[in-house]
Amino acid sequence: MDLDDILALAADPTPTSFELARARRAADQILKRYADATAERLDVVGDVDPSDPLTTVADEVTRIVRAAQLAKLGSVTWLADTGELTWTDEMSLILGRPPGAVRPSIDALFAAIHPADAIKAHRAAVRAWVNGSVTETTCRVIRHDGTTRYVHGVIEVVAGDGHRPYGIVATVEDVTELELARQERDRLARRRQTVQAEPPHADPVTGLLTRIRFTDEVERALRAGTGALLVVATEMVGPAEADGSALSAAVAAFVMQVAKRGDLCGVVGYGELGVLMHDTPLRAATARARAIVEALRGQSFVTGRHRLRVDAWGGLVRYLANDGASSFDLIIDAESAWRRAKETGESLHAWPQPAPADERAETCRTRVRAAVAGNGFTLYTQPILDLRLNQITRQEILLRPLNEAGEPVSPSPFLDIAERVDEMPVIDRWVLDRTMDLIAQGPPTSHYQVNLNARSLDDPDLLGHVCDLMDQYRVDPRQVTFEITETAIIGSRVQALTFANGIRELGCQLALDDFGTGYSSFSYLRSFPIDLVKIDGEFIVDIRNSPAARTMVGSLVEMCRALGILTAAEYVKDDATIDLLRGYGVDFVQGEAVGMPRPIAGAPRSAEQSIVLELAVRGL
Amino acid sequence: MNALEPAAVHAEPAAAAELNASFEAFCREHYLKVQRFLQARCADPDLVQEAVQEAFVTARAKWDDVREFEKPLGWLLTTARYKLMGQLKLRRQNSMTTLDEVPDRLLAAPTNAQEARDLLAEWLRQLPRRQSEILQMSLDGWSDEEIARVLGVAYNTVRTYKRVARQRLRRIAEEAGFRA
Numbered sequence: 001m002d003l004d005d006i007l008a009l010a011a012d013p014t015p016t017s018f019e020l021a022r023a024r025r026a027a028d029q030i031l032k033r034y035a036d037a038t039a040e041r042l043d044v045v046g047d048v049d050p051s052d053p054l055t056t057v058a059d060e061v062t063r064i065v066r067a068a069q070l071a072k073l074g075s076v077t078w079l080a081d082t083g084e085l086t087w088t089d090e091m092s093l094i095l096g097r098p099p100g101a102v103r104p105s106i107d108a109l110f111a112a113i114h115p116a117d118a119i120k121a122h123r124a125a126v127r128a129w130v131n132g133s134v135t136e137t138t139c140r141v142i143r144h145d146g147t148t149r150y151v152h153g154v155i156e157v158v159a160g161d162g163h164r165p166y167g168i169v170a171t172v173e174d175v176t177e178l179e180l181a182r183q184e185r186d187r188l189a190r191r192r193q194t195v196q197a198e199p200p201h202a203d204p205v206t207g208l209l210t211r212i213r214f215t216d217e218v219e220r221a222l223r224a225g226t227g228a229l230l231v232v233a234t235e236m237v238g239p240a241e242a243d244g245s246a247l248s249a250a251v252a253a254f255v256m257q258v259a260k261r262g263d264l265c266g267v268v269g270y271g272e273l274g275v276l277m278h279d280t281p282l283r284a285a286t287a288r289a290r291a292i293v294e295a296l297r298g299q300s301f302v303t304g305r306h307r308l309r310v311d312a313w314g315g316l317v318r319y320l321a322n323d324g325a326s327s328f329d330l331i332i333d334a335e336s337a338w339r340r341a342k343e344t345g346e347s348l349h350a351w352p353q354p355a356p357a358d359e360r361a362e363t364c365r366t367r368v369r370a371a372v373a374g375n376g377f378t379l380y381t382q383p384i385l386d387l388r389l390n391q392i393t394r395q396e397i398l399l400r401p402l403n404e405a406g407e408p409v410s411p412s413p414f415l416d417i418a419e420r421v422d423e424m425p426v427i428d429r430w431v432l433d434r435t436m437d438l439i440a441q442g443p444p445t446s447h448y449q450v451n452l453n454a455r456s457l458d459d460p461d462l463l464g465h466v467c468d469l470m471d472q473y474r475v476d477p478r479q480v481t482f483e484i485t486e487t488a489i490i491g492s493r494v495q496a497l498t499f500a501n502g503i504r505e506l507g508c509q510l511a512l513d514d515f516g517t518g519y520s521s522f523s524y525l526r527s528f529p530i531d532l533v534k535i536d537g538e539f540i541v542d543i544r545n546s547p548a549a550r551t552m553v554g555s556l557v558e559m560c561r562a563l564g565i566l567t568a569a570e571y572v573k574d575d576a577t578i579d580l581l582r583g584y585g586v587d588f589v590q591g592e593a594v595g596m597p598r599p600i601a602g603a604p605r606s607a608e609q610s611i612v613l614e615l616a617v618r619g620l
Numbered sequence: 001m002n003a004l005e006p007a008a009v010h011a012e013p014a015a016a017a018e019l020n021a022s023f024e025a026f027c028r029e030h031y032l033k034v035q036r037f038l039q040a041r042c043a044d045p046d047l048v049q050e051a052v053q054e055a056f057v058t059a060r061a062k063w064d065d066v067r068e069f070e071k072p073l074g075w076l077l078t079t080a081r082y083k084l085m086g087q088l089k090l091r092r093q094n095s096m097t098t099l100d101e102v103p104d105r106l107l108a109a110p111t112n113a114q115e116a117r118d119l120l121a122e123w124l125r126q127l128p129r130r131q132s133e134i135l136q137m138s139l140d141g142w143s144d145e146e147i148a149r150v151l152g153v154a155y156n157t158v159r160t161y162k163r164v165a166r167q168r169l170r171r172i173a174e175e176a177g178f179r180a
């Protein structure tokens, strides 16, 4: 069935019985209303034109202008032979001029039209006349009092005998309210498209809550009452080539099964799962925690061709509402508890309350210092593609902490802790030392990007230390870009600026990392000598499906270019994304599509392993 | 001004009854046509009904004259249209179909004339209002010259918009899944 069929069907003149009934009811109503009106001697005719529109003798101009008057619309008439322009009083009011105040003319009309719309309006009129047919246009007029209104004009060509065109009549209506409503609808539709749904809550590998979401949930529970937090740490017992992420997923599924329904499970760190037992007394929580750990130890998991077992330890800490500990503190305490269990050979260690703040800080500090002293880290490099040359010209140096088994793990949980207890400068110096050594051994044409933490910039000796290292290893400063985060600048603006200016004088470059999230502010781009902006991966991962991300990245790149700042995008996962970013004029990209982080020579474990780890903790 | 002459009604009851009867017949025959015509312009059924009723009540008051017109329905359409425009202006009502109101579902194929007419009315509302009025009248069998006079537009406007509106209507129908 197509339109013609529907038109043919609709053209059937016989009304349906339903239509007949409706018409009859309507006629009754009308007659009653008329009777009531006459009884009350009401005027039902008003200003209605009583003449027969089909037989009234009048030329087209007269008819159209009359119709506009009845509809309380303005009209403008232009006659070709005289070139004369006239308009009605209603039109004067639309233009915001008292009737008679301005002599109608083409110049006077265009003087009232908004300059930005004048060409559009003029074209609409010319097109109507040239084509001999109607056009419509919406434009703004600036009234005498300076206010702006939107008006809609229907521009018609009038013809006399023999259909010879002899002029133009425009019927004009003030549509400001309609136009504003339309613009608002458009805006809302655009907004619906561009506002993002909530970020994913679930960890892609395990399906459990991500670290961030889990921390949020713990925070909420902390405020609402008592309970206990369990952190279970697992270590794979089996061949090293087994699929770690498959195991993580299997372990997560198993823990969820054993945990009580209602307990929240989340990823806490690499090989660490959190189980939040809210509203549970310590004794019951301890029993459940022990059951989970024992069950894990007794279970064998099959992944691929491997049958694997895991070793597991549990750390439990009880919390009370308002006992002063944050969710982050609680997670650290539970982690310390499982370490204690492991040290003492227990399966579970439980603490009846969160640790005192200074004790917790000391524990963390000891852990960080022990890691630094024992070289508990390794460095990875990730290739960066220069889109101008389509060639890898840079490497980012990345830190990977090593776990007890000497395996590199995701840095974020560890660095979180180090940052809390203010031990980042120690770690940064460790990284700087190794990096300069690495650069000295590499090809002199390569460029390296090194991360520096916020707190390091507060160290007034850091600049001198960098100088010394470069001297010592004979590194050309032009080979190095330091990446700092916006939080770094917030720490101590003056100190950060001193460092920034200092290393640039040295010949190094400065990059602003994670731009666009957290404490982003455009003002840094103006007040800091930034050479490179790294757009946060959040805007890049999904850019192909997100009009909002595309708009933001496109504008950001344009702005940076105008400011003389290079741009880099991270988390680039495929070639199509690279093409898109190249189109926007992004200078550098890194991510899955270019190359994953790889251990530098001499690192303890294989690259494949690191990729698995990377995946396992992505989204932490 | 009182439109009715009560004295005349009493003096000639037979003529008045005849007037009433002829108006009632006219009303029943054309009420839905006028309503549909206004629906092409305005999505609010209450406003449309009010305008149609007012127009017919006025027609009843002037029936003595209007019945003598070549086509009384033409006058009625003109009058009802102005009534509606006056009300829209008064309420500053947004008579355009909003995005949310445009149905994106595939409508069931109409099975009788009334369903076909209702479906068309819905589609016509998605056209610019002058185009939908012109097309609606054209579908109802009015000549181009008559349409120009009833709506107070130029003859060649009718010819242009009739063509443009039909193309748009076809596109809307195809988008709704009705294609050959």
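Protein sequence lines, in the order shown, are assigned to chains B and E.
Going by my numbering, 215 is the number at position 215 of the first sequence; the sequence numbering is gapless.
Going by my numbering, 109 is the number at position 109 of the second sequence; the sequence numbering is gapless.
Yeah, the Cβ is synthetic: ideal placement off N, Cα and C, and Gly gets one too.
Predicted model only: the values in this text are computed from it and were never measured.
Residues of the segment 34–48 of chain E with a Cβ closer than 9 Å to any Cβ of chain B, in chain order: 35. DSSP places residue 383(B) in the uninterrupted beta strand (DSSP E) bounded by 377–386. Judged by DSSP secondary structure, residue 74(E) falls within the alpha helix (DSSP H) whose first and last residues are 72–91.
A Cβ of chain E is located within less than 9 Å of the beta carbon of residue 64(B). Note that the C-beta distance between residue 368(B) and residue 414(B) is below 9 Å. Leaving aside the five residues that flank residue 150(E) on each side, the residues in its chain whose CB is nearer than 6 Å to its CB run, in chain order, 74, 77 and 78. In this model, residue 113(B) and residue 174(B) are separated by some 13 Å (Cα to Cα). Residue 317(B) and residue 353(B) have their alpha carbons spaced roughly 6 Å apart. When only Cα atoms are considered, residue 322(B) and residue 245(B) end up about 37 Å apart.
For residue 140(E), the CB contacts under 7 Å within the same chain, skipping 5 residues up- and downstream, are 33 in chain order.
Distance from the CA atom of residue 475(B) to the CA atom of residue 326(B), rounded to whole angstroms, is 44 Å. If you draw a straight line from the Cα of residue 270(B) to the Cα of residue 410(B), it comes to about 7 Å.
Counting only Cβ-Cβ distances below 7 Å, residue 132(B) has contacts in chain E at 156, in chain order.
In this structure, residue 158(E) lies away from residue 52(B), with their beta-carbon atoms at least 9 Å apart. Looking at the DSSP output, residue 142(B) sits in a beta bridge with 148(B).
Within chain E, no residue has its CB atom less than 7 Å from the CB of residue 166(B), the nearest being about 11 Å off. Residue 390(B) sits in coil when the DSSP states are folded into three classes, being neither helix nor strand.
Look at residue 434(B): its C-beta is not under 9 Å from any C-beta on chain E.
It is roughly 10 Å from the alpha-carbon of residue 381(B) to the alpha-carbon of residue 435(B).
Residue 348(B) places its beta carbon less than 9 Å from that of residue 315(B).
Its Cα nearest to that of residue 495(B), the residue 457(B) stands out among 102(B), 412(B), 457(B) and 76(B). Nearest to residue 113(E) by alpha-carbon distance, out of 55(B), 372(B) and 9(B), is 9(B). Contact between residue 266(B) and residue 211(B) holds: CB atoms are separated by about 7 Å, below the 8 Å threshold.
Within the segment 446–485 of chain B, the runs of alpha helix (DSSP H) at least 4 residues long that lie entirely inside it are, in chain order, 454–457 and 462–473. Between residue 16(E) and chain B, the shortest Cβ-Cβ separation is not below 9 Å. Within the segment 238–275 of chain B, the runs of alpha helix (DSSP H) that reach at least 4 residues and sit entirely inside it are, in chain order, 244–258. By the CB criterion at 9 Å, residue 67(B) and residue 171(B) fall inside the cutoff. Under the DSSP definition of a beta bridge, residue 351(B) partners with 317(B). Secondary structure of residue 168(B) (DSSP, three-state): strand.
For residue 75(B), the enclosing beta strand (DSSP E) covers residues 74–79. Around the C-beta of residue 57(B), fewer than 16 other C-beta atoms lie within 10 Å, and the residue is accordingly described as exposed. Among the residues facing chain E, residue 541(B) is not included, as its CB has no counterpart in that chain under 9 Å away.
Among the CB atoms of chain E, one or more fall inside 9 Å of the CB of residue 72(B). In summary, residue 272(B) is buried, with 16 or more beta-carbon neighbours lying within 10 Å of its beta-carbon over all protein chains present. In the DSSP annotation of this structure, residue 540(B) is not part of any beta strand (DSSP E), being labelled neither H nor E. Here DSSP, grouped into helix, strand and coil, assigns residue 397(B) to strand.
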